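Novice:
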Amino acid sequence: MSSTTVLEPVSHDKRIYTGLDTFMIWAGANTCIATIFTGGLISPRMGLFSSLLVIIAGSLIGGVIFGLIGILGYDYGLPTMVITRKVIGRKGSYLASIFNIIQLIGWASILLYVSAEAISTAIAPLYPNNGLLTNTISWVIILGVLETLYALKGIEKIVWYHRIAVATLIIALLYESYFIILNLVVNAPAPVFRSSFNINDILWGFDIVLATAISWSPLVADYTRYSRSASGALLGTWSGYAITSILLYGLGALSTIIANAYLGDPTQVAISLGLNTVFLYFIALSAITTNLINIYSAAVSTQNIFPDKKYNTLSLIYGVVILVLSIIPVFLLKFEYFLYYIGDLFIPLTIVLIIHKYSGGGSLKASVISWMIGSGLSIYVSIVFGYGASLVGILSVSILYPLLLKYGR
Numbered sequence: 001m002s003s004t005t006v007l008e009p010v011s012h013d014k015r016i017y018t019g020l021d022t023f024m025i026w027a028g029a030n031t032c033i034a035t036i037f038t039g040g041l042i043s044p045r046m047g048l049f050s051s052l053l054v055i056i057a058g059s060l061i062g063g064v065i066f067g068l069i070g071i072l073g074y075d076y077g078l079p080t081m082v083i084t085r086k087v088i089g090r091k092g093s094y095l096a097s098i099f100n101i102i103q104l105i106g107w108a109s110i111l112l113y114v115s116a117e118a119i120s121t122a123i124a125p126l127y128p129n130n131g132l133l134t135n136t137i138s139w140v141i142i143l144g145v146l147e148t149l150y151a152l153k154g155i156e157k158i159v160w161y162h163r164i165a166v167a168t169l170i171i172a173l174l175y176e177s178y179f180i181i182l183n184l185v186v187n188a189p190a191p192v193f194r195s196s197f198n199i200n201d202i203l204w205g206f207d208i209v210l211a212t213a214i215s216w217s218p219l220v221a222d223y224t225r226y227s228r229s230a231s232g233a234l235l236g237t238w239s240g241y242a243i244t245s246i247l248l249y250g251l252g253a254l255s256t257i258i259a260n261a262y263l264g265d266p267t268q269v270a271i272s273l274g275l276n277t278v279f280l281y282f283i284a285l286s287a288i289t290t291n292l293i294n295i296y297s298a299a300v301s302t303q304n305i306f307p308d309k310k311y312n313t314l315s316l317i318y319g320v321v322i323l324v325l326s327i328i329p330v331f332l333l334k335f336e337y338f339l340y341y342i343g344d345l346f347i348p349l350t351i352v353l354i355i356h357k358y359s360g361g362g363s364l365k366a367s368v369i370s371w372m373i374g375s376g377l378s379i380y381v382s383i384v385f386g387y388g389a390s391l392v393g394i395l396s397v398s399i400l401y402p403l404l405l406k407y408g409r
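For the sequence shown, counting from 1, position 206 maps to 206 in the numbering used here; every step adds exactly one.
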């Protein structure tokens, strides 16, 4: 990290990211086993074609909202949580930062554990008598240490490393996807391609895909503040997220529908096709490139509250916390539900940030009221109906906030 604090805009002479670098950041962040699981979650209920339709639409639309926050990062030169100071005030930004830190650490811990579990499963056929290599906790520790060391470098210093890492990750993903898709589709019986076009199921699936896209929005400006151009910030963010989402969600949907893999888990599918080595590389590297983003943004969000805290100290602390939490999977399973509700807070806030920016600004009171009401409605819908929170959050704020800006006093 540089000597300046996150409260100071990144000057244009220090902006190091091309559009390709921004693409690599979000392609690397989104390429992980958790994204595959999301595709596997929606496909059993909807069928293959309906799932793919929803995946494409939700990823493209969600990616646009995602990209608009990216432009804010370029325009202001500030991280997302610091930008929220301009909209919901300093204390409001502290609250948002705390929730953001919690969700980042929580999801990073879950990803670390499921990645370690996938590696231990895939490596078992290769080394059946090696208890150390087939132990999930061993891989939690190995991956946890590696991702913390990577994050300690700071994103400004790993541009070339990240280009190479994500490029090879994408190659491994495409290689693995080619064999999995080819084998699954060719050998699939015709009935698996039938789909349900029930409107409730489609709205449910679309809501999940859209919510997943917007859940990344509190992080976007942390990286696009280093973008050299507005187009690079927008298109790099949008394409990096949308392309990998469509591919990985689709892979999860195929694995679930055709191979009957639980939640689209590609582990057994990859093993059955003899792709153990490629799969191991993919899972290990994807956990590192994704949790780089989680650790970095958790540290930056903390610096919004405590600007004088050193990035390396915070990254080390959060890396250790993530590792420790990942060793307690029972806790993580309970904690996951809480994380979904935290996500409901950021969908309305994202829309408030976008409207505030493109409407020329607005009152603090209108912004806070819109965020609170939108969040309340989103959480209520999540609890009562189980889906629809993202659509309700977007629509409620899109209607309420402009009205408050126009008629509020």
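Ideal Cβ placement from N, Cα and C applies to all residues, glycine included.
Since this is a predicted model, take the numbers as computed values, not measurements.
Hey, out of SER109, ILE246, ILE347, whose CA is closest to LEU143's CA?
Specialist: Out of SER109, ILE246, ILE347, SER109 has the C-alpha closest to the C-alpha of LEU143.
Novice: Per the DSSP calculation, TYR17 is bridged to which residue(s)?
Specialist: According to DSSP, TYR17 bridges with SER227.
Novice: If I'm right that GLU147 touches ILE271 with Cβ under 8 Å, what's the distance once you round it to whole angstroms?
Specialist: The Cβ separation is near 24 Å, so there is no contact.
Novice: Is it true that the region 79-93 meets the region 344-354, where meeting means three or more beta-carbon pairs spaced less than 8 Å apart?
Specialist: Short answer: they touch.
Novice: Can you grab the Cα-Cα spacing for the pair TRP204 / THR237, in whole Å?
Specialist: Looking at the two C-alpha atoms, the distance is approximately 25 Å.
Novice: Using 10 angstroms around the beta-carbon of ASN304, count the other beta-carbons present and answer buried if the total reaches 16, otherwise exposed.
Specialist: The residue is buried, with at least 16 neighbouring Cβ atoms inside 10 Å.
Novice: First and last residue of the alpha helix (DSSP H) that includes SER363?
Specialist: Careful: SER363 lies outside any alpha helix (DSSP H) and carries neither H nor E.
Novice: Give me, in chain order, the residues of the same chain whose beta-carbon lies closer than 6 Å to that of GLY393; leave out the 5 immediate sequence neighbours on both sides.
Specialist: The answer, listed in chain order, is ILE347, PRO348, GLY374, SER378.
Novice: Is the beta carbon of ILE71 less than 8 Å from the beta carbon of ALA213?
Specialist: No, they are not a contact pair.
Novice: Would you kindly check if the distance between the Cβ of MET81 and the Cβ of SER301 is under 8 Å?
Specialist: Their beta carbons are under 8 Å apart, which means SER301 touches MET81 by this criterion.
Novice: Would you please verify whether the beta carbon of THR350 is less than 8 Å from any beta carbon of chain C?
Specialist: Among the protein chains of the structure shown there is no chain C, as only one such chain exists.
Novice: So, are the CB atoms of ILE180 and SER255 less than 8 Å apart?
Specialist: Their beta carbons are under 8 Å apart, which means ILE180 touches SER255 by this criterion.
Novice: Threshold first: 4 residues or longer. Then list the alpha helix (DSSP H) segments lying entirely within the region 293-330, N to C.
Specialist: Within the region 293-330, the complete alpha helix (DSSP H) runs of at least 4 residues are 311-326.
Novice: Identify the continuous alpha helix (DSSP H) that holds VAL209 and give its terminal residues.
Specialist: Note, VAL209: alpha helix (DSSP H), 199-215.
Novice: Pick from ILE399, ASN312, ILE105, THR136: whose alpha carbon is nearest that of SER115?
Specialist: Checked all of ILE399, ASN312, ILE105, THR136; the closest Cα to SER115 is THR136.
Novice: Is the separation between the beta-carbon of ARG441 and that of ASP21 shorter than 8 Å?
Specialist: Residue 441 lies beyond the residue range present for the chain, which begins at 1 and ends at 409; the question has no answer from this structure.
Novice: Looking at the structure shown, is GLY232 part of a helix, part of a strand, or coil, going by DSSP?
Specialist: Helix.
Novice: Look at the alpha carbon of ILE105 and the alpha carbon of LYS357, and state the distance between them as a whole number of angstroms.
Specialist: Cα to Cα, ILE105 sits roughly 29 Å from LYS357.
Novice: Are SER286 and THR31 close, meaning C-beta to C-beta below 8 Å?
Specialist: Contact: yes.
Novice: Roughly how many angstroms lie between the CA atoms of PRO307 and ASN276, to the nearest whole one?
Specialist: About 44 Å.
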